[in-house]
Structure formats: structure tokens, C-alpha cells
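J.:
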Amino acid sequence: MNILILQHHPAEPAGTLGAFLADKGCALDVRHLYAGQALPADDAGYGLIVSMGGPMNVYDEAEHPWLAAETALLRRALLADRPVLGVCLGSQLMAKALGAPVTRSPRPEVGWFQIELTPAGLADPLLAGLDERPWVLQWHNDMFHIPAGAELLAASERCPHQAFRFGRGHALQFHVEVDAAIVDQWCENPAQRQEIAPGWADQGKIMNQHAQRIYGNLWAALSGR
């Protein structure tokens, strides 16, 4: 299976998700958009499109012109009911592609937080088997709103829109794909490191268990199992 991965920053790769898909024998076509790599001329042949995180805002198209092209690609894929997964910035781009605004989150989130699955989230095939209030890693200032025709899958007190599903597309505001090496690149100052590093022994282990559950669910859907 060919997988298209849209990477927006050198420190925000597909991480454990990419490793999982590679272990399944998938061919990963990683486009480093921040470095000027072009989107594929034909994106219809990919079994999954993954849009990763990044420090920019979805509306920063003057500074990052590829954002407009990626938004159009995501819109085509979502309206064609093809599998799409968006993480953090990627989730916000999905919402924008479907006509929903992206605004400042009521409260920024950097660190370990619990989200709460909605009834739709508990029943969702991608999130099946997770705890009702799983621990995840957050690192965002902005928040997507829920597009028309989409279902809210997860929420939290600090950020009421944490995940949604639109057809075969899933948008996750939070991170489960990171490992310690990735986060180490994100922590530019001691305060950030203090927020994140102590949690790897417990929350990080739990988060990775959730990640593997999500990946297994994703693979079951992609492979028709």
C-alpha cells in the first residue's frame, strides 16, 4: 500500500505511526513541504493520506504557499471519501478544507493532558478500545471547529474540539505519534522540558499503548480486516 505523508517541519515526522506502517510493508511517500518538495501530481493512488503537525497556522499561506495546495488536496480526498488522517496542524487543515474555521484554543496546551471521548468517539472504529479519558501529548495554541457533516469524537476542558471524523477522514488535535527523541527536539527551553520530560515514564508509556491501538485499528480499516 502506498501512503502519502505530508510533513510540515523537520522536527515533526510521522514518528511511531510511520514506523508502524513501514513494518506493515507500506511504501511511505514522505513529502517535505517545508523544504519545497511538491505535492504529487496525482494523489488518487494512495491508500492513506497523512497530514502531520507543524508550528505554522493554517492561514499562513503568504509565508507558506504550499498550505493552499495541501488544503485543496485534503478537500479532494475527503469529499471523495478516501482515508485521511490529520495530526495537530494536519487536523486543522482538514477542518479548513471542509469549510470550518480554525481559531485560538480557549487555553493553549503544552504537555500531558487527558482528553475525553464522546459517545461517538467511544464507538468510532479508529478509537475503539481506548480508555474513555486517555492520556495524550498536546502542543498547540489553535483549535479547529467541527465541519458540517462531521462528528466530534473527543473533547477536553481546555480545548473542546480534540478529534472529529468526516467520512473516512479522522482529525486528531493531539499527538500520539511522538517518541522521546522527537519531543527532545521540540523542547527549546528548560520550562518546556520540565513540562514534558517527567511524563515519559508513565504517561508516555500509556500514550504509546494508545497509539498502537489506534494504529492497529487504522490498519484493520485500511486492509479490510
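The sequence shown begins at 45 in my numbering and counts up by one. Note that the Cβ used here is the ideal one computed from N, Cα and C, for glycine as well. Note that the structure is predicted; figures quoted are calculated from it, not measured.
#1: Determine the direct distance from the alpha carbon of L262 to that of V94, and round the result to whole angstroms.
#2: Looking at the unbroken beta strand (DSSP E) that takes in H184, where does it start and where does it end?
#3: Of the residues P57, L48, L50, which one's Cα is nearest the Cα of V222?
#4: Tell me the residue span of the alpha helix (DSSP H) that contains T115.
#5: Does the pairing of the stretch 187-197 with the stretch 138-148 give three or more beta-carbon distances under 8 Å?
#6: List the DSSP bridge partners of N38.
#7: Do the CB positions of M100 and L133 come within less than 9 Å of each other?
#8: Secondary structure at L170, three-state DSSP: helix, strand or coil?
#9: Taking C-beta to C-beta, are A116 and E160 nearer than 9 Å?
#10: Taking Cβ to Cβ, would you say M251 is nearer than 9 Å to L181?
#11: My output table needs one value for V128: the three-state DSSP class, helix, strand or coil.
#12: Rounded to the nearest angstrom, how far is the Cβ of P127 from that of L216, given a contact under 8 Å?
#13: Rounded to the nearest angstrom, what separates Y90 and W230 at their Cα positions?
T.: On the basis of the data shown:
#1: 12 Å
#2: 179-188
#3: P57
#4: 110-123
#5: Touching, yes.
#6: What the structure shows of the chain is the stretch from 45 to 269, and residue 38 is not part of that stretch, so it cannot be assessed.
#7: yes
#8: coil
#9: In this structure, the beta-carbon distance from A116 to E160 does not fall below 9 Å.
#10: yes
#11: strand
#12: With 8 Å as the limit, P127 and L216 do not qualify as a contact, their Cβ atoms being about 14 Å apart.
#13: Approximately 30 Å between the Cα atoms of the pair.
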